[in-house]
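**Student:** Below is one structure. I have some questions about it.
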DNA sequence: AATGCGAGCAACCGCGTTTGA
DNA sequence: TTCAAACGCGGTTGCTCGCAT
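Numbering (the working numbering), first residue to last: -17 to 244.
Right, here's the structure in full:
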């Protein structure tokens, strides 16, 4: 019966008011974070310590980033979720300013929605494959487009002098569906830059047919934990365009007969 | 204009883990 | 070492808002 102070007097629930937010922010400014139950008792807030903690971490904390997730962030979420599953907090550690709650909500509202629309179990390997082979390449294209659009100025990612469209490919055997430059095809790798400035390399050089013959399992990654970090692409474009080539996915699925029937 | 419905998100709950007395 | 309190995580709920009818 640890933190169930709800047994006690009139604790407030539901949405926070401006006054409550202000109280919480003031208290933390004076006393710092932590000791949430003490905070709840001492601050004058009629909330549980848990509620205060959640409100602070998910909403009031100054470095909480709000707004749509960039393609880079979405890409990271998909990649990390494929490795770690629903370890939201762990995933959130690699997306600065994003909370586990936000990432969890993203997964449930966007990713699982896609799975529902495709009538695939979002936990199935089939869906994981679809994500890797059709969604993630789309995000890469977006990332790339945004880095190009801002290439000459402040971009901090992917645009090494030798990084052209053709240098991109997918993780775990999945190639992008289309990749701009058709005149050449170099090594297939995705380079993104983490916060410390080091490059993260997603490397693979399978052909599309090889890919289809060897659909990836949704584990393993070429990234090490240490290498994972916030993607620093600025100027990222973000529209809520989750269109990720359903037609192409179904076509590929039918042609290659991978996966069960609907 | 009113109503219904679904998507998105903030907040709550239960439980396992950590901390410290 | 033990145990209660606090913390943190992941799942779930429920509210709000926008859109369709």
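Ideal Cβ positions, reconstructed from N, Cα and C, are used throughout, including at glycine.
Every value quoted in this text rests on a predicted model; they were computed, and no experiment measured them.
Along the alpha helix (DSSP H) that carries residue 41, what are the first and last residues, could you check?
**Tutor:** Neither: residue 41 is in no alpha helix (DSSP H) and is coded neither H nor E.
**Student:** Less than 8 Å between the CB atoms is what I'm expecting for residue 124 and residue 80, so what's the real figure, rounded?
**Tutor:** With a Cβ gap of about 18 Å, residue 124 and residue 80 do not count as contacting.
**Student:** Round the Cβ separation of residue 77 and residue 55 to the nearest angstrom and send it over; I've been treating them as touching at under 8 Å.
**Tutor:** Yes, residue 77 and residue 55 are in contact; Cβ-Cβ is about 5 Å, under 8 Å.
**Student:** Alpha helix (DSSP H) containing residue 117: first to last residue?
**Tutor:** Premise fails: residue 117 is in no alpha helix (DSSP H) and is neither H nor E.
**Student:** Give, in chain order, every unbroken run of the alpha helix (DSSP H) that is at least 4 residues long and sits entirely within the stretch 61 to 129.
**Tutor:** Whole alpha helix (DSSP H) segments, 4+ residues: 70 to 74, 82 to 88, 94 to 100 and 107 to 112.
**Student:** How would you label residue 158, buried or exposed, when you count the other beta carbons within 10 angstroms and need 16 or more for buried?
**Tutor:** In this prediction, residue 158 scores a pLDDT of 40, lower than 50, which makes its location untrustworthy; no coordinate-derived value is stated.
**Student:** Pop quiz: residue 66 and residue 73 are said to be a contact at Cβ under 8 Å. What is the actual Cβ separation, rounded to whole angstroms?
**Tutor:** At roughly 6 Å, the Cβ-Cβ gap stays under 8 Å, so residue 66 and residue 73 are in contact.
**Student:** List the endpoints of the continuous alpha helix (DSSP H) containing residue 19.
**Tutor:** Where residue 19 is concerned, the enclosing alpha helix (DSSP H) stretches over 18 to 24.
**Student:** For residue 25, which option in 31, 9 and 15 has the closest C-alpha, if you only look at C-alpha atoms?
**Tutor:** Residue 25 has its Cα closest to that of 9, out of 31, 9 and 15.
**Student:** With distance defined between alpha-carbon atoms, name the residue in 97, 119, 52 and -8 nearest to residue 28.
**Tutor:** The shortest Cα separation from residue 28 among 97, 119, 52 and -8 belongs to -8.
**Student:** Give the C-beta separation of residue 36 and residue 3 to the nearest angstrom, bearing in mind that I take them to be a contact with Cβ-Cβ under 8 Å.
**Tutor:** Actually they are not in contact, since the Cβ atoms of residue 36 and residue 3 sit about 13 Å apart, beyond 8 Å.
**Student:** Reducing DSSP to helix, strand and coil, say where residue -3 ends up.
**Tutor:** In this structure, residue -3 counts as coil in the three-state DSSP scheme.
**Student:** For the putative contact between residue 100 and residue 112, defined by C-beta atoms under 8 Å, what is the C-beta separation to the nearest angstrom?
**Tutor:** The Cβ separation is near 7 Å, so the contact holds.
**Student:** What does the Cβ neighbour count give for residue 137, buried or exposed, with the cut at 16 atoms within 10 Å?
**Tutor:** Note that residue 137 scores 34 on pLDDT, short of 50, meaning its location in the model is unreliable and no value can be drawn from it.
**Student:** Could you give the distance in angstroms between the alpha-carbon of residue 34 and the alpha-carbon of residue 44?
**Tutor:** In a straight line, the C-alpha of residue 34 is about 15 Å away from that of residue 44.
**Student:** My guess is that residue 31 and residue 40 are in contact by the Cβ rule of under 8 Å, so how many angstroms apart are they, rounded?
**Tutor:** The Cβ separation is near 15 Å, so there is no contact.
**Student:** Below 7 Å CB to CB, which residues in the same chain sit around residue -6 once its five sequence neighbours on both sides are set aside?
**Tutor:** Same-chain partners within the cutoff: 28 and 29.
**Student:** Do residue 64 and residue 114 have their C-beta atoms within less than 8 Å of each other?
**Tutor:** Yes, the pair counts as a contact, with Cβ atoms nearer than the cut-off.
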